[in-house]
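The structure appears below as structure tokens.
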């Protein structure tokens, strides 16, 4: 199945503003770069300011609602990038076990507190950028892999996807959502929201951080998933039309072949 986002394939002077100057800065962060160092220090403030209230919260919640279509009861789940675990409101049943993988220990500790409060058996698994996409999990360990607004951070994505499939049982699901990265609506929306926040609150060059934070476009993610898995559900939000350029998020359920 072909998925196309035309926004990032437009004239360079436009795509650079909306999707970062990828030709100049590349797709992998220089961890010694002053902009990256400032970004890692400001990230939690950025997350709280842009994702947990207003339009950011509305967009995130729209993606989380895909969980209503998946039964958690009696399953073993691994989540890649749990963030604040703000999607618990939409869970359909209680899993037997919930593992969480992230680069950020603070997110993992906060999420663990929420699961403990609900008496859900779980663990946290801290990973690093040097892991090369290998998840801290055994082969065929999980029934479901949950991931919200994280896949666009993974590069090269195909390598990460191969390991996600490794830890899933045959017939297991990948369920989650991604921003419509590379699409015109998403690029314009970021230009007037999070890009403006960076300009107003930091000295960071957005053209650089956008490339490093979101190296993988949404059309690449969907094409990779559909090439390896069976599509069960794909929802374009908010317009509902099958166009990455006209929507802000893409929420999905893919099934690993049995």
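In our numbering, the protein residues as written are 728 to 985.
Every residue, glycine too, gets a C-beta built ideally from N, C-alpha and C.
Only a predicted model underlies this, so the values are computations on that prediction, with no experimental measurement involved.
Reduced DSSP secondary structure (H/G/I, E/B, other) of residue 894: helix
Where does residue 794 fall in DSSP's three states? helix
Taking only runs of the alpha helix (DSSP H) that begin and end inside the region 739 to 776, which ones reach a length of at least 4 residues, in chain order? 739 to 746 and 749 to 752
N-terminal and C-terminal residue of the alpha helix (DSSP H) that residue 923 is part of: 921 to 928
Compare the Cα-Cα distances from residue 817 to each of 767, 902 and 830 and report the closest residue. 902
Quick check on the burial criterion: 16 or more other C-beta atoms within 10 angstroms. Buried or exposed for residue 785? exposed
Could you tell me if residue 966 is buried or exposed, where buried requires 16 or more neighbouring beta carbons within 10 angstroms of its beta carbon? exposed
Residue 951: buried (16+ other C-beta within 10 angstroms of its C-beta) or exposed? buried
Let me check one thing: in DSSP terms, what residues is residue 806 bridge-paired to? 827 and 873
Determine which residues share a DSSP beta bridge with residue 964 and list them. 976
Pairwise C-alpha distance: residue 811 and residue 837: 7 Å
Express the C-alpha separation of residue 846 and residue 734 in angstroms, rounding to a whole number. 45 Å
Going by DSSP in three states, residue 933 sits in which element: helix, strand or coil? helix
Taking the beta strand (DSSP E) that residue 853 belongs to, which residues open and close that run? 849 to 853
Between residue 892 and the rest of its own chain, which residues show a CB-CB distance below 7 Å, the 5 nearest in sequence each way excluded? 955 and 983
With 16 as the cutoff for other CB atoms within 10 Å, does residue 922 come out buried or exposed? buried
Would you say residue 993 and residue 975 are within 8 Å of each other, going by their C-beta atoms? The structure shown does not extend to residue 993, since the chain is modelled only from 728 through 985, so no value can be given for it.
In three-state DSSP terms, what is residue 861? coil
Could you name the residues that DSSP lists as bridge partners for residue 715? Only positions 728 to 985 of the chain appear in the structure, and residue 715 is not among them; the question remains open.
Residue 734, DSSP secondary structure in three states: helix
Reducing DSSP to helix, strand and coil, say where residue 981 ends up. strand
Should residue 814 go down as buried or exposed, given a rule of 16 or more other Cβ atoms within 10 Å for buried? buried
Using alpha carbons as the reference points, say which of 924, 896 and 910 lies closest to residue 805. 896
On the criterion of 16 or more Cβ atoms from any shown chain inside 10 Å, does residue 668 qualify as buried, or is it exposed? In the structure as shown, the chain begins at 728 and stops at 985. Residue 668 is therefore absent and cannot be evaluated.
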